[in-house]
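Worksheet: the structure to be examined is printed underneath.
Residue numbers (the numbering used here): -2 to 539.
Next up, the structure:
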């Protein structure tokens, strides 16, 4: 199917993306890459009490350089423009523009737009600065793991329709780098939701086009247009199970060196996302909390350990014990690297000293300890792959020695985990960890050296399938067994999609796991599936 969209229609609508996915096959057509004008609506991010980063993309008719102006006002009619800025953009940055507007007031809702040289205007966005001083309540929606072919972004739609959110946070896997037909398989694709390019993402043009396809989704556009979003990447914005020197889904023999691919992924991310070029950052929410954005993938992460080869040795049990007592606990194995660890410790300590009530840290992967219950082998669907069966059997054997089954999350980095939690304990932090990656919902009481260290609210995915995809047992049975086998785990849901809504107050933080009714149809209906709460000074859930 070929979709023809002329410049006049683009200028009249102000955006290509609104309703785009109501057009069958839209994500696969050349229109995504060939559009002109304001192609992908607007977005805001990097909120502060007196500034905001504003984002848009504008392609002029000749495809060359263009100067855009940003305007921001307290009313949607822009009767009084209170601040603004300008930027020259062009093909060197894929025609994206990011302008940080200063001189704003704290805790205020603003409306913003971009103006092109010919007088055409972008859609009007809405954003909100962070508060200053005493703050009674602040609420944020937390997202992760959005795989377009697996379904509709109903979680984004539900959050965008709310009127009680101050912020959105995306913890990674904003898109997936696979070629079409890989994940999901062809028979699992929902509707015509196949993004461009059809091939795996390797080069800068690939990553840019994948962003263009995803950012054309109307529900994702609406979320960005109505809420400031703090974003951080995980692995799929580059390649599956990425680390500083490579990735599971990167084959140097056929795909070239890792560093150019990593650089391309980072460049496209910084072009297309409403985020600064700082790899990590802290955000003060009045005196209520400090939110910390971290980087745990591409800049300093040590390669993940793999226990599969240990089971091919003459004595797998002895090999596992040697691994447990040696390589697994090596202090050089790091998620963040010493520079970021030092920054985070100092920044958190500063937050505690200045009286911030909560220290909220966003990580791409789960921090809570988790082992595989012996019953898990009986949960597998008879049609489950041999890979899933071997993964489960290895996890059960590892659990008998106190070892986790997932070495791509913090379970594979116990020394780094201990350093972080001990630092938090020593400074007296009221720690709340927010994490994604797993596709399912989890609530943990985090401990270190036998003492409470904080709580973790781990989010389920927007669309990506989770634990339930390879099992045939009632999810409630699985959840009960996982909780029973893992002392830190207090609750989990292994079958539903959605997002978390976290509410901060001076004395209490609560998390709602919002479950959408479906991802196989465009339907924003959802309900709260579980709520967990922590009181200040406790560092364990109520």
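Here a beta-carbon is modelled for each residue, glycine too, at the ideal position from N, C-alpha and C.
For residue 300, the closest of 211, 474, 267 and 238 by C-alpha to C-alpha distance is 238. When DSSP states are grouped into helix, strand and coil, residue 71 belongs to the coil group. Residue 453 has 430 and 441 as its beta-bridge partners, per DSSP. When only Cα atoms are considered, residue 59 and residue 120 end up about 22 Å apart. For the pair residue 385 and residue 149, the CB atoms are not nearer than the 8 Å cut-off. For residue 326, the closest of 302, 345 and 333 by C-alpha to C-alpha distance is 302. Nearest to residue 295 by alpha-carbon distance, out of 339, 332, 304 and 195, is 332. Taking 8 Å as the cut-off, the Cβ atoms of residue 536 and residue 428 count as close. The beta carbon of residue 348 sits closer than 7 Å to those of 287 and 356, all from its chain and outside the five residues before and after it, given in chain order. Taking the Cβ atoms as the reference, residue 225 lies roughly 6 Å from residue 164, within the contact range of under 8 Å.
Less than 8 Å divides the Cβ of residue 136 from the Cβ of residue 499. With a contact defined as Cβ atoms closer than 8 Å, residue 314 and residue 234 miss out at about 38 Å. Taking the Cβ atoms as the reference, residue 363 lies roughly 6 Å from residue 435, within the contact range of under 8 Å.
Your pair residue 497 and residue 489 does not check out as a contact, with CB atoms roughly 13 Å apart and the cut at 8 Å. Within the segment 148 to 180, the runs of beta strand (DSSP E) at least 3 residues long that lie entirely inside it are, in chain order, 164 to 167. A Cβ-Cβ contact shorter than 8 Å links residue 63 with residue 113. For residue 303, no beta strand (DSSP E) segment is defined, and its DSSP state is neither H nor E. Residue 136 has 500 as its beta-bridge partners, per DSSP. For residue 282, the closest alpha carbon among the candidates 465, 501 and 346 is that of 501. The beta carbon of residue 240 is closer than 6 Å to those of 298 and 300 in its chain, skipping five residues each way along the sequence.
The Cβ neighbour count for residue 229, taken over all protein chains shown within 10 Å, is at least 16; the residue is labelled buried. Taking residue 292 as reference, the option from 285, 387, 305 and 278 with the minimal CA-CA separation is 278. One thing to note: residue 181 has its Cβ no nearer than 8 Å to the Cβ of residue 211. Your pair residue 91 and residue 205 checks out as a contact, with CB atoms roughly 5 Å apart and the cut at 8 Å. For residue 334, the enclosing alpha helix (DSSP H) starts and ends at 334 to 350.
For residue 41, the enclosing beta strand (DSSP E) covers residues 34 to 42. Annotation: residue 400 is outside any beta strand (DSSP E) and is labelled neither H nor E by DSSP.
Taking a 10 Å sphere around the C-beta of residue 251, we find fewer than 16 other C-beta atoms and assign the residue as exposed. Assignment of alpha helix (DSSP H) within the segment 170 to 258, counting only whole runs of 4 or more residues, yields 201 to 211, 215 to 223 and 249 to 252 in chain order.
Closest in alpha carbon position to residue 433, among 38, 32, 67 and 139, is 139. Taking the C-beta atoms as reference points, residue 401 is found nearer than 8 Å to residue 368. For residue 317, the three-state secondary structure derived from DSSP is helix.
Residue environment: residue 376 is assigned as buried (16 or more neighbouring CB atoms within 10 Å of its CB, all protein chains considered). Taking one beta carbon from each stretch, the segment 442 to 452 and the segment 466 to 478 have fewer than 3 pairs nearer than 8 Å; the two do not touch. As the crow flies, the alpha-carbon of residue 129 is around 36 Å from that of residue 144. Pairing residue 39 with residue 460, the inter-Cα distance amounts to about 23 Å.
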